[in-house]
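Chemist: Okay, handing you the structure first.
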DNA sequence: CCGCGGGCCTGAGAGC
DNA sequence: TGCTCTCAGGCCCGCG
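Numbering (this note's numbering), first residue to last: 3 to 295.
See the structure below:
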């Protein structure tokens with residue numbers, strides 16, 4: 003489910019309750035996620051202080067005092083729930099866990115702060131693993147990941163260079179995590195619409211023969227950054243709601259301009275077009291054929 | 001290198 | 001109401 007903005011929102015929700023706190027106890031209720039939890043998962047986490055919560059692409063990272071990093075991915079349906087004393091983490095429950103936990107609560111972290119952080123993932127496409135900090139960048143899951151779209155290094159030069167060699171559609175190129183990290187089906191559709199570029203266009207057409215960026219590349223980078231920042235802002239506002247109460251982290255409502263709006267009028271000012279749905283690489287693409295060229 | 005199909009899983013929604 | 005079918009925001013593999 004989650005793309006970069008959702009994962010970043012989750013990071014911001016977890017940081018206040020996990021950073022600086024110690025993991026007192028871990029429940030690995032359902033170890034068979036996308037890949038099985040490591041055999042020493044609980045042992046390597048219990049007693050560890052979390053020194054920081056980070057994000058790389060769609061991955062969350064929890065830095066541990068031991069030098070390990072807990073690497074987490076939400077897959078399609080993963081979310082975190084944070085609860086404080088009194089809900090889900092009462093002293094009584096600490097010693098006698100509810101026999102009937104909510105469905106799909108696969109991993110539970112009991113923090114020294116009194117907070118309980120629960121990972122819920124119905125489809126179990128999510129994943130958790132533990133990697134020594136110094137091996138993280140070279141880990142197979144991280145090694146090929148491209149630039150962070152909100153980082154300063156990500157600009158039209160970089161995107162054009164990455165797309166210049168590609169023979170795919172622009173849509174497929176943006177979904178390719180080695181080209182740019184963290185975009186998924188929704189935000190690719192949204193960014194292309196903002197940039198008024200057709201998802202069917204060849205990726206290499208945002209670069210000149212020499213691989214230098216053209217005006218399309220500039221517009222696209224601008225659109226990507228804008229749509230992600232807007233979405234993070236919307237997620238951030240939804241975060242405020244669960245400061246004091248229980249919070250669901252992993253999904254927030256956001257208004258999309260084209261995604262899932264098939265047949266509805268295009269919202270581009272002055273455009274009289276209608277949003278269309280097509281299938282590219284087996285996935286839905288929503289775009290306006292009138293203003294996206 | 002590329003697109004495609006299939007697979008991993010469960011749940012929501014549409015249609016009958 | 002309940003059944004069946006399709007589809008879903010991610011990612012990986014093997015095939016041609």
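Ideal placement from N, C-alpha and C gives every residue a C-beta, glycine not left out.
Thinking C-alpha only, which one of 37, 18, 42, 38 is nearest residue 52?
Modeler: Of the candidates 37, 18, 42, 38, the one whose C-alpha sits nearest the C-alpha of residue 52 is 18.
Chemist: Ends of the alpha helix (DSSP H) at residue 69?
Modeler: Run containing residue 69: none; DSSP gives neither H nor E here.
Chemist: Pull up the DSSP beta-bridge partners for residue 278, would you.
Modeler: In the DSSP output, where bridge partners are listed per residue, residue 278 has 289.
Chemist: Just to confirm my understanding: we take residue 163, look at its own chain, exclude 5 residues before and 5 after, and list those with CB closer than 6 Å. What are they?
Modeler: Excluding sequence neighbours, residue 163 sits near 213.
Chemist: For residue 219, does the three-state DSSP call read helix, strand or coil?
Modeler: Residue 219: helix per DSSP, three-state reduction.
Chemist: Whose CA, out of 62, 285, 261, 148, lies closest to the CA of residue 16?
Modeler: If we check each option's Cα against that of residue 16, 62 comes out closest.
Chemist: Taking C-beta to C-beta, are residue 211 and residue 172 nearer than 7 Å?
Modeler: Their beta carbons are not under 7 Å apart, which means residue 211 does not touch residue 172 by this criterion.
Chemist: For residue 59 and residue 160, what's the separation of their Cα atoms in angstroms?
Modeler: About 17 Å.
Chemist: Can you tell me whether residue 136 is buried or exposed, with buried defined as 16 or more other CB within 10 angstroms of its CB?
Modeler: The residue is exposed, with fewer than 16 neighbouring Cβ atoms inside 10 Å.
Chemist: Identify which residue in 192, 219, 193, 198 has its Cα closest to the Cα of residue 205.
Modeler: Closest option to residue 205, Cα to Cα, is 219.
Chemist: What separation, rounded to the nearest whole angstrom, lies between the Cα atoms of residue 292 and residue 147?
Modeler: Computed Cα separation, rounded: 33 Å.
Chemist: With distances taken from CA atoms, which of 145, 73, 251 is nearest residue 47?
Modeler: That would be 73, whose Cα lies nearest to the Cα of residue 47.
Chemist: Please tell me whether residue 8 and residue 189 are closer than 7 Å, where the distance is taken between their beta carbons.
Modeler: Going by C-beta atoms, residue 8 is not nearer than 7 Å to residue 189.
Chemist: Please list, in chain order, all residues of the same chain as residue 270 whose beta carbon is under 6 Å from its beta carbon, the five residues on each side excluded.
Modeler: Closer than 6 Å at the Cβ level, and outside the excluded window around residue 270, lie 293.
Chemist: Which of helix, strand or coil does DSSP assign to residue 189?
Modeler: Three-state DSSP puts residue 189 in a helix.
Chemist: Confirm, please, whether the CB-CB distance from residue 193 to residue 226 is below 7 Å.
Modeler: Yes, these two residues count as a Cβ contact at 7 Å.
Chemist: So, with DSSP's three-state summary, where would you put residue 10?
Modeler: Note: residue 10 maps to helix in three-state DSSP.
Chemist: Could you pull out every residue in the same chain whose Cβ sits closer than 6 Å to the Cβ of residue 244, ignoring the five residues on either side in sequence?
Modeler: With a pLDDT of 43 at residue 244, under the threshold of 50, the modelled position of that residue is not reliable, and the figure given next carries that caveat. Cβ neighbours of residue 244 beyond the five flanking positions: none.
Chemist: Could you name the residues of the same chain whose beta carbon sits closer than 7 Å to that of residue 275, not counting the 5 residues immediately before and after it, in chain order?
Modeler: Cβ within range, chain order: 268, 290, 291, 292, 293.
Chemist: I need the boundaries of the alpha helix (DSSP H) containing residue 142, first residue and last residue.
Modeler: Unbroken alpha helix (DSSP H) run through residue 142: 142-145.
Chemist: Do the CB positions of residue 125 and residue 195 come within less than 7 Å of each other?
Modeler: Not closer than 7 Å, so no.
Chemist: Helix or strand or just coil, what does DSSP make of residue 136?
Modeler: Correct three-state label for residue 136: helix.
Chemist: Could you pull the start and end residues of the beta strand (DSSP E) that residue 111 belongs to?
Modeler: Where residue 111 is concerned, the enclosing beta strand (DSSP E) stretches over 107-113.
Chemist: If you pair each beta-carbon of the stretch 73-86 with each one of the stretch 128-135, do three or more pairs fall below 8 Å?
Modeler: Yes, they touch.
Chemist: Tell me the rounded alpha-carbon separation between residue 285 and residue 153.
Modeler: Residue 285 and residue 153: Cα-Cα distance of roughly 27 Å.
Chemist: What do you get for residue 266, buried or exposed, if any count of 16 or more other CB atoms within 10 angstroms of its CB means buried?
Modeler: By the neighbour-count rule (16 or more Cβ atoms within 10 Å), residue 266 is not buried but exposed.
Chemist: Given residue 264, which residues of its chain have a CB within under 8 Å of its CB, disregarding the five upstream and five downstream residues?
Modeler: Same-chain partners within the cutoff: 277, 278, 279, 288.
Chemist: Among all the DSSP beta bridges, which residues are the ones paired with residue 207?
Modeler: Partner(s): none; residue 207 has no beta bridge.
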